[in-house]
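The listed protein sequences correspond, in order, to chains A, B and C. Be aware that the first sequence starts at 41, since it is given in our numbering, and climbs by one per residue. Be aware that the second sequence starts at 406, since it is given in our numbering, and climbs by one per residue. Be aware that the third sequence starts at 41, since it is given in our numbering, and climbs by one per residue.
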Amino acid sequence: MSYLNRIITLSLLACVSMTTFAAGNAEVNLYSARKENLIKPLLDRFTEQTGIQVNLVTGKADALLHRLKREGRNTPADLLLTTDAGRLHRARQAGVTQAVTSEVLESLIPSQYRDPAGHWFGLSLRARPILYVKQRVDPARLSSYEALTEAQWKGRICIRSSGNIYNQSLVASMIAANGAEATEMWARDFVPQFARDPKGGDRDQILAAAAGQCDLAIANTYYLAGMLESKDQRQREAAQQMGVFWPNQQGRGSHVNISGAALIKSAKHPEAAIKLLEFLVSAESQAWYAETNGEYPVRSDVSPGALLAGWGDFKKDGVNLGQLGNFNPQAVRIMDRAGWK
Amino acid sequence: MMTAARVFAKQGLNLWGTAAGFVALLLGLPVLVVAGYLFEPSGEVWQHLLDTTLKDYVINSLLLMIGVACGVLLLGVSTAWLTSMCEFPGRGVFEWALLLPMAIPAYIIAYTYTGLFDYAGPFQSWLRELLGPGYGDYWFPEIRSLGGAVLMLTLVLYPYVYLLARAAFLNQSLCVLDVSRTLGNGAWRSFFQVALPMARPAIVAGLSLALMETLADYGTVQYFGVSTFTTGIFRTWYGLDNAAAAAQLSAVLLLFVFTLVVLEKASRRQARYHHTTQRHQGLDRFRLTRGQAWGAWLFCGATLMLGFLLPFGQLLHWALTTADEQLDGRFLTLIMNSLMLAGSASLLALLLALFFGYSRRLQGGWMVAAAVRVASMGYAIPGTVIAIGVMIPFAALDNQLDAWMRAQFGWSSGLLLSGTLAALLFAYLVRFLAVSLQTVEAGLSKIRPSMDEVARSLGSGPREILGRVHIPMLKGSLLTALLLVFVDVLKELPATLILRPFNFNTLSVRAYELASDERLADAAYASLSIVAVGILPVILLSRSITRSRHAKST
Amino acid sequence: MPNQLEVNNVSVSYAGRAVVEGVSFALQRGEIASLLGPSGCGKTSLLRAIAGFEPVSAGEIHLHGVRVSQPGHTRAPEKRRVGMVFQDFALYPHLNIRDNVAFGLRGLKAWNRRERVSRLLELVGLKGYESQYPHQLSGGQQQRVALIRALAPKPEILLLDEPFSGLDVELRGQLAQEIRTILKQEQVTAILVTHDQQEAFALADRIGVVGEGRLRQWDTGYTLYHHPRDRFVADFIGDGELVPGQVQGDGWIDSPLGRVKAYDAVGHVAGQPVQILIRPDDLCCDQHSELQLEILERVFQGADYLYSLALPEGGRVDCRVRSQTPLEVGERMGVRLNVTEVVVFPQSTDLWEADEPARPSPGLEAVI
């Protein structure tokens with residue numbers, strides 16, 4: 041070894057010794073698209089039970105995925121957690137994940153909510169039903185997402201922009217069920233039904249409906265749950281005016297997405313990571329999701345809690361969620377062409 | 406300048422140009438990486454964009470810029486003129502208070518205004534209760550629209566114009582204004598014919614900062630559902646899963662920015678005059694009539710109300726309802742993290758700005774000038790794009806090194822820079838160097854070359870000149886540069902979000918996470934803290950400008 | 041005792057182009073000199089070379105017997121003990137008047153320093169302004185502060201670079217006189233760079249006229265005016281016209297204005313066409329003279345009228361006449377030569393042609 045090499049090695053060692061906080065065994069590094077306050081309490085609980093430290097960095101799913109790809113085999117991440125299946129599928133295609141064989145996970149998570157090869161697992165369900173203003177809408181007139189293009193709903197629908205992943209997934213699920221052509225026709229008819237240009241988030245659609253700007257709002261259920269439990273009186277009152285309608289019950293079922301996680305290919309702590317995954321599908325964690333986040337448990341044997349149960353049981357779209365990732369770019373184009381802002 | 410360069414060159418210091426070029430290249434790397442995507446085929450996505458949304462992106466971005474330009478000029482220049490040249494009750498308070506909106510991130514003011522004035526908000530609800538109608542029965546401006554975005558950005562960005570225009574007005578030789586007044590021009594005519602043209606370079610500099618921020622804004626336009634270049638970039642990158650096309654859109658954005666930079670430069674070159682008589686006396690402000698004074702008070706008051714008091718009040722209201730659950734030990738860590746990042750980034754940016762400023766002064770030449778331009782491009786580029794641009798070369802470097810180490814020693818060095826605070830700080834520098842550079846250069850230009858030469862003829866060597874002439878004369882500018890970057894970093898979100906290391910959060914990350922989860926009230930506490938932490942430097946900033954003025958006129 | 045300043049054959053170049061070429065002169069202690077010339081003639085570069093801000097490309101500069109500049113070696117300005125006053129004064133805005141003046145004072149006890157500063161302020165009549173700031177003073181006051189700041193460390197030589205150009209005209213003459221008194225009182229060796237001959241006459245013992253990078257003539261003001269060595273100096277200093285003539289031998293010249301004696305006839309042979317310098321006061325009005333010239337222009341100058349007269353064979357001359365009953369433009373005026381000797385230049389195709397004499401007006405350069 042040359043003199044120069046030795047100097048470089050030494051200085052690198054010095055650098056590394058300062059940065060290798062991730063070297064110990066009793067820890068797992070998590071890239072999470074789920075916001076800190078919606079996951080941290082569970083992680084703390086995990087650390088309490090197992091003594092395994094969880095290091096967390098949150099961010100937008102696409103950015104995290106990009107970071108993973110760039111960091112390559114040296115990434116410190118062990119797990120990627122996202123709030124939709126499409127991104128997990130994309131991560132698998134990008135080759136940054138690895139398959140997991142775990143009896144616990146396979147037995148507890150229904151097959152349509154996990155990757156057939158075990159590259160990713162759903163941890164909770166996020167449903168996107170049609171919300172209606174109880175005073176002004178008779179839910180009997182509602183039937184499916186497709187039927188929202190009927191003349192009776194003209195100018196009565198509030199929905200957020202097509203830039204949002206929930207809408208992209210919803211349209212992708214329709215492509216999966218009805219084909220691209222039919223979905224494009226539907227989108228063209230759907231956009232004129234909007235009461236206003238899409239803006240704001242899901243809560244804003246509910247607020248607008250309650251205030252009378254529109255009669256139907258399409259939003260994920262946990263937003264409604266969050267509003268019902270909000271400290272803000274205005275939010276509570278608005279949410280209380282809304283009813284939940286589960287569309288497509290006669291057909292494929294209502295659109296659901298998952299939050300889920302994948303084990304990173306070059307994970308340095310795979311055992312701890314799998315342990316964390318198993319913890320996240322434990323009955324205790326699943327109940328916590330429902331209770332705290334207003335999401336549905338991915339396990340059918342865990343009750344979703346009183347509030348969610350109050351909206352009734354419903355049939356869920358059975359499409360394998362990994363597929364939605366494939367249709368996502370196509371969905372965006374369809375919405376672009378339909379003028380869905 | 407040329408001379409000093411030659412003398413230094415004799416002493417073997419002509420490394421300046423090369424060094425400046427190298428550092429600029431380093432800082433320009435993220436931009437270049439993004440621009441590099443230009444050459445990657447992006448498929449037929451462009452055709453799709455042309456057919457559908459591109460027109461909206463261009464038109465909305467242009468309208469947004471035009472609107473914000475008009476808005477910040479109107480508010481910034483007029484309040485600057487009123488507070489520096491006219492006397493009316495409350496002027497002393499407005500002088501510093503008008504800078505306060507600077508401490509509020511644009512996306513936060515957007516949340517609060519939506520909360521207040523949206524259809525479902527308390528203001529319109531109250532109107533409906535009062536008047537009784539339902540939706541569509543009355544007209545009310547839609548806050549979440551292009552116009553609303555213009556208003557929001559104007560309200561938080563006008564302080565840039567105000568800050569620079571006021572400094573320019575205060576530094577104008579009063580003789581010139583006096584001449585104008587003795588020629589029978591009233592306050593208004595003096596303003597339009599003399600003061601305004603003379604302050605133009607400063608105003609244009611402020612305007613270009615504001616417009617660059619406008620171009621880089623993502624949070625506000627995204628929330629308001631306005632499709633601009635920035636939102637288009639993300640849509641193309643993430644929604645259409647086409648990084649190349651997204652980067653190409655970014656490159657088009659760069660073209661916008663470049664045009665701005667060139668315009669700003671051209672406008673400054675035309676107006677490069679020092680006053681030869683260094684004579685400005687204590688300000689004799691225009692005395693306003695009672696009616697005029699009320700008008701001035703109302704105008705400044707309304708600006709302050711809309712830009713600061715109203716959003717601040719709303720945040721305070723929300724924060725008070727959620728204080729108990731949001732305020733815990735971890736919150737203190739958030740504040741410390743934010744302060745630490747903003748502090749070190751502003752210090753580093755200042756050092757770099759000084760380095761570039763002096764390279765330019767001592768070496769001159771097109772190479773350094775070009776280097777400085779490249780190094781300050783980042784200001785107008787959305788934080789996310791910069792973050793990606795930082796991540797790519799850093800990770801590539803780390804991985805190259807790692808591969809080499811593995812091959813050489815069978816031992817992995819892992820990621821040394823990626824995912825560390827170093828990468829994050831670097832991104833901040835790329836993004837905000839322009840701010841400190843502009844301030845430092847303005848300060849340096851006040852130290853005329855003859856001042857250096859006098860000092861040398863009086864026996865002072867370079868080090869002594871630095872200590873006895875430059876640092877005392879630059880003090881104000883250095884402080885300004887430091888504080889501006891500090892506040893900017895405090896507010897920065899996208900790059901922080903993407904590049905931060907494990908278990909490291911800041912106030913803006915917390916505010917964003919809660920707000921993007923549509924929990925505006927819960928986000929209020931963090932937002933309020935950003936504003937509160939930012940207020941202090943903003944007040945300091947304003948004070949330092951006023952004080953330097955007083956020191957001169959006593 | 042060595043000369044206070046010696047400039048030996050000095051050249052200064054920018055990027056290979058010489059802006060000062062082969063200049064030599066020397067100054068005794070206490071002497072005040074001026075470098076006079078149009079803008080861009082190289083005078084400022086020469087001054088900066090003496091100060092040490094520019095390297096020399098040829099020649100040497102000695103200060104008080106010490107070689108400070110030669111090609112390849114330039115002693116730094118801060119090690120030369122030269123005082124410099126700039127066109128823009130370059131007062132430090134962050135320092136009050138006392139601190140500005142004391143800037144270059146080092147190695148003195150605080151009390152001595154204060155003493156020196158207040159003596160200097162007194163010298164220029166600025167006592168009581170110690171704690172004011174530069175922007176609070178008038179232009180003339182700032183000028184004086186800049187001067188005593190440069191004088192405070194008792195420099196070997198004081199260099200003044202167009203120090204009056206930022207001031208109004210009345211102030212200039214007055215200040216030039218004042219400064220001369222101060223410099224003489226303090227026994228300071230000084231060089232003033234200017235494009236204004238009146239300033240140079242008022243301030244300097246010796247004047248060097250610089251044109252196109254060369255020192256054209258190094259002399260007293262009187263000699264420059266009456267015996268310019270070349271056409272350039274003749275044109276630059278004072279008014280006057282070049283009139284064609286012919287050498288007659290014995291040092292006499294025939295000209296359209298009559299026969300006149302040459303100041304220095306050496307080198308001129310009989311029959312040779314030459315040019316002679318006629319200043320406005322070399323002609324006098326004599327209505328009985330045979331020589332009657334048409335009046336082209338008339339300018340009122342207070343005590344005098346300045347008439348521009350057409351010569352019979354083309355060209356013109358000026359004539360200054362006491363302002364009594366004026367003649368009108370277009371009338372004829374009788375004149376005769378009233379000079380013992382005139383300066384003679386050989387006829388040439390130089391820059392200033394004999395038949396179309398260009399008039400280098402110092403006033404114009406002041407604008408440029």
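C-beta atoms are modelled at their ideal positions from N, C-alpha and C, and glycine is treated no differently. For clarity, every value in this text was computed on a predicted model and none was experimentally measured.
Ranking B:Ala570, B:Leu756, B:Pro510 by CA distance to the CA of valine 561 (chain B) puts B:Pro510 first.
For the region 831 to 844 of chain B, the set of residues with a beta-carbon nearer than 7 Å to any beta-carbon of chain A is empty.
Within the same chain, and ignoring the five residues on either side of serine 51 (chain C) in sequence, the residues whose Cβ sits closer than 7 Å to its Cβ are Ala58, Val60, Glu61, Gly62, Val96, Ser97, Ala98, Gly99. Residue pairing from DSSP places valine 125 (chain C) in a beta bridge opposite C:Leu200. Per DSSP, tyrosine 172 (chain A) is one residue of the beta strand (DSSP E) stretching across 170 to 173.
If you draw a straight line from the Cα of arginine 120 (chain C) to the Cα of cysteine 475 (chain B), it is about 56 Å long. In this structure, leucine 830 (chain B) sits away from leucine 933 (chain B), with a CB-CB distance that is not shorter than 9 Å. Here glutamate 170 (chain C) is not near isoleucine 222 (chain C), since their CB atoms are 9 Å or more apart. Chain A has a Cβ within less than 9 Å of the Cβ of tyrosine 643 (chain B). Residue ranges of uninterrupted beta strand (DSSP E) with 3 or more members, entirely inside the region 84 to 115 of chain C and ordered along the chain, are 98 to 103, 106 to 110.
Against methionine 557 (chain B), chain A offers no close residue; the least beta-carbon distance is about 13 Å (beta-carbon pairs closer than 9 Å). Rounded to the nearest angstrom, the Cβ distance from proline 344 (chain A) to alanine 330 (chain A) is 4 Å, consistent with a contact under 8 Å.
With fewer than 16 other Cβ atoms from the protein chains shown falling within 10 Å of its own Cβ, alanine 134 (chain A) counts as exposed. Separation of asparagine 218 (chain A) and tyrosine 524 (chain B) (C-alpha to C-alpha, rounded to the nearest whole angstrom) is 36 Å. By the rule that beta-carbons nearer than 9 Å mark a contact, glycine 481 (chain B) does not touch chain C. In the displayed model, proline 942 (chain B) falls within a helix according to three-state DSSP. Looking from the CA of glycine 92 (chain C), the closest CA among C:Cys81, C:Leu297, C:Arg107, C:Arg360 belongs to C:Arg107. Taking the Cβ atoms as the reference, glutamine 227 (chain C) lies roughly 43 Å from glutamine 315 (chain C), outside the contact range of under 8 Å.
With respect to chain B, the C-beta atom of asparagine 297 (chain A) has no partner C-beta closer than 9 Å. Contact annotation for serine 882 (chain B) against chain C: no contact, minimum CB-CB distance about 12 Å [criterion: below 9 Å]. Segment contact: the region 708 to 721 of chain B against the region 506 to 520 of chain B, three or more CB-CB distances shorter than 8 Å; contact assigned. Here threonine 726 (chain B) carries a helix assignment [DSSP, helix/strand/coil].
Our two residues, glycine 370 (chain C) and glutamate 334 (chain C), have alpha carbons roughly 6 Å apart in a direct line. The criterion of a C-beta distance shorter than 9 Å is satisfied by valine 840 (chain B) and alanine 886 (chain B). By the neighbour-count criterion, in which 16 or more other beta carbons inside 10 Å mark a residue as buried, threonine 260 (chain C) falls on the exposed side.
For methionine 810 (chain B), there is no enclosing beta strand (DSSP E); the residue is found in the alpha helix (DSSP H) stretching over 788 to 814.
Sequence-distant partners of alanine 116 (chain C) (beyond 5 residues in either direction) whose C-beta falls short of 8 Å from its own C-beta, in its chain, are Gly92. For tyrosine 263 (chain A), a Cβ of chain B is located within less than 9 Å of the residue's own Cβ. Taking 4 residues as the minimum length, the alpha helix (DSSP H) runs contained wholly in the region 200 to 256 of chain A are 205 to 218, 220 to 230, 242 to 251, in order along the chain. At a cut-off of 9 Å between beta-carbon atoms, glutamate 76 (chain A) makes contact with chain B. Interface flag for glycine 144 (chain C) against chain B is set, since a Cβ pair is found closer than 9 Å. Within the model, the alpha-carbon separation for glutamine 280 (chain A) versus arginine 533 (chain B) is close to 20 Å. Against chain C, a Cβ distance below 9 Å from arginine 853 (chain B) picks out Phe126, Asp128, Ala130. Under a criterion of Cβ atoms nearer than 9 Å, the residues of chain C adjacent to proline 877 (chain B) are, in order, Tyr132, His134, Leu135.
DSSP places isoleucine 548 (chain B) in the coil class of the three-state scheme, outside both helix and strand.
Within the region 78 to 99 of chain A, those residues whose Cβ lies closer than 8 Å to any Cβ of chain B are, in chain order, Leu78, Asn95, Leu96, Val97, Thr98, Gly99.
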